[in-house]
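Reading through the structure tokens given below for one structure.
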Amino acid sequence: MGQQPEPQAASATGVEVSLRELDESDRELLIVATLDNMNWCGERFTREQVIVDPAISHYFTSWRSDRDLGLVAVDQTGHPLGAVWTCLVDGGDSGYGFVRDDVPELSIWVEAGHRSCGIGSVLMSALIERARSVGLGGISLSVEEGNPARKLYERCGFVPAGPEFDPGTMVLWL
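Using this note's numbering, the letters of the sequence shown correspond one by one to residues 275 to 448.
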């Protein structure tokens, strides 16, 4: 997927992260991230539900390094503090943020103890830059009402996908 980004400070709080490419060995990380994302406002889903429900599990089972983008933010010990990835799925296997077949859906996760430190912004900026460099026309996502991550998405340029979509579906046209 190209050059590895340089280590960068994620925020004024002093959290320093390096970005590395997501790969197939990160499947467990994607499961944990998806479970945490689904439970952003309290425990609503179990790990088992996330794994067996195709509407949720495709966020980690459909990811492929030869087609999709993904980055992991790690601390100085290599521990993952966050991840961002896109998944290109067709309408038959679409997720909550699906807008059309040629627009991948984005997922982002930051470990609970490291949120609001700038890691999400670092991940989003790097992924958006990468998406532009490979010629993607857009990226979509879904965010539930009340989720504070919506502010990050809006800062990154995501807008509501339109009246024909769920109100939480957002898109960034590149």
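Note that the Cβ used here is the ideal one computed from N, Cα and C, for glycine as well. These numbers come from a predicted model, not from an experiment.
Secondary structure note for G394: its alpha helix (DSSP H) is the uninterrupted segment 393 to 407. DSSP places T320 in the coil class of the three-state scheme, outside both helix and strand. When the beta-carbon positions are compared, V445 and V384 stay at least 9 Å from each other. Rounded to whole angstroms, C430 and G420 show a C-alpha spacing of 18 Å. In terms of CA proximity to W447, E403 leads the group E403, A423, P437, E438. A distance below 9 Å separates the beta carbons of L345 and V358. The C-alpha of A386 is placed about 11 Å away from the C-alpha of I393. Sequence-distant Cβ neighbours of Y370 in its own chain, meaning closer than 6 Å and more than five residues away, are S416. As the crow flies, the alpha-carbon of G352 is around 28 Å from that of G316.
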